[in-house]
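Trainee: Mind having a look at this structure? Questions to follow.
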Amino acid sequence: MSVEIKFTNREDDQRYEDGEGREYRYTAEGSGALSIYEKEDGETIGKEAVPIAVYGPTAWFSVTGDPVGRADRPVPRLR
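Counting from 1, one number per residue, gives the positions in the sequence shown under full-length UniProt numbering.
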């Protein structure tokens, strides 16, 4: 599923469209900022991943799509 953001002071929405082997995920940070991540087909989003976009807490009011989940950030195996 693609990620779509509705902004507080703009009428146009921002859409990150899945396709061509890429998927997009989002996280709402504790500060209220919204981070967008790009994921290549079959890869994961590690804890050290850098978002491709970050929107401040007052810039957006709604987001739809797939949040970053457990499948995107697998637990490392102990050896």
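Beta carbons are placed, not taken as given, at the ideal position from N, Cα and C, and that holds for glycine.
With which residues is Ile36 paired in a DSSP beta bridge?
Mentor: Tyr26 and Ala53
Trainee: When the Cα of Gly21 is compared with those of Ala49, Gly42 and Val54, which residue comes out closest?
Mentor: Gly42
Trainee: Taking the CB atoms as reference points, tell me whether Ile45 and Asp72 lie closer together than 7 Å.
Mentor: yes
Trainee: Between which residues of its own chain and Glu23 is the CB-CB distance below 6 Å, once the five residues before and five after are set aside?
Mentor: Lys39
Trainee: Just to confirm, is the Cβ distance from Val54 to Ala33 under 7 Å?
Mentor: yes
Trainee: Is there at least one non-hydrogen atom of the ligand FMN closer than 6 Å to the beta-carbon of Val3?
Mentor: As far as ligands go, the structure on display features none, and thus does not contain the ligand FMN.
Trainee: Whole angstroms is fine: what's the gap from Arg15's alpha carbon to Glu48's?
Mentor: 24 Å
Trainee: Mapping the DSSP letters down to three states, classify Pro74 as helix, strand or coil.
Mentor: coil
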